[in-house]
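Worksheet: one structure, shown below.
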Amino acid sequence: MPTVEVVRFPASDAYVADKLVFKDCLDILVKSEGLWESYEHHIELTKRDDIYPNLIASIRLAQSGPIDMQHVNFDGDATRALESPVTEVVVLSLKERADGKESRSLVAELGTNLISQKECHSVVVGESMENKGVVFMLLGWDSVEAHVKAVSEGVFPEIIDKLNALNGIEIAHTKLTRYST
68 MPTVEVVRFP ASDAYVADKL VFKDCLDILV KSEGLWESYE HHIELTKRDD
118 IYPNLIASIR LAQSGPIDMQ HVNFDGDATR ALESPVTEVV VLSLKERADG
168 KESRSLVAEL GTNLISQKEC HSVVVGESME NKGVVFMLLG WDSVEAHVKA
218 VSEGVFPEII DKLNALNGIE IAHTKLTRYS T
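Heads up, the numbering used here is the position in the sequence shown plus 67, with the first residue counted as 1.
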């Protein structure tokens, strides 16, 4: 499986007004050989003085605050989640003194139950390579409403309550568009 780079930042007014502000960044990434194959390819890119400074400068046009960049090797192919009508990104940060094994078990239980919902197309899970105890989930949904409805019934409220006791949880939904030159 390729390494997925998860980059999160508050969007600049320029990016909100025109998504093409991010075009230069994407052009650089698309042309970077092997970038999505492994974490090591990312590290090699950061050492390229002919590319990396331009990449960082192009990202800054789209951001209005700090960047959070983490790399994840998911337990399955993330493509289906990323290509779904709505992609849900869940970040679970294990709380101090919380049981990581219990949290991983609950994440697995949650994923197994979510994928059985017809509106959920994909669930993949992986730990951040940079931050131990931080787990990412990518889920593919028909809609945000389908996600909200699914997790409000059955076993989900109990599992989610248990996960909340062990983790700080951030959830975002987005509609991604495949970039091509």
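Glycine included, every Cβ here is placed at the ideal spot set by N, Cα and C.
- By the criterion of a C-beta distance shorter than 8 Å, A81 is surrounded in its chain by V88, L128, A129, once the five residues flanking it on both sides are discounted.
- Per DSSP, reduced to three states, the secondary structure at N234 is strand.
- Straight through space, the alpha carbons of D91 and V74 are spaced by roughly 16 Å.
- Three or more Cβ pairs closer than 8 Å define a contact, and the segment 166–174 falls short of that threshold against the segment 109–120.
- Bridge pairing for G207: T154, S189 [DSSP].
- By the criterion of a C-beta distance shorter than 7 Å, E186 is surrounded in its chain by W208, D209, A213, A217, once the five residues flanking it on both sides are discounted.
- Boundaries of the beta strand (DSSP E) harbouring V73: 71–75, taken from the DSSP string.
- Excluding residues up to 5 positions away in sequence, W103, E104, S105 lie with their Cβ nearer than 8 Å to the Cβ of P69 in the same chain.
- A direct Cα-Cα distance of roughly 30 Å separates V158 from T248.
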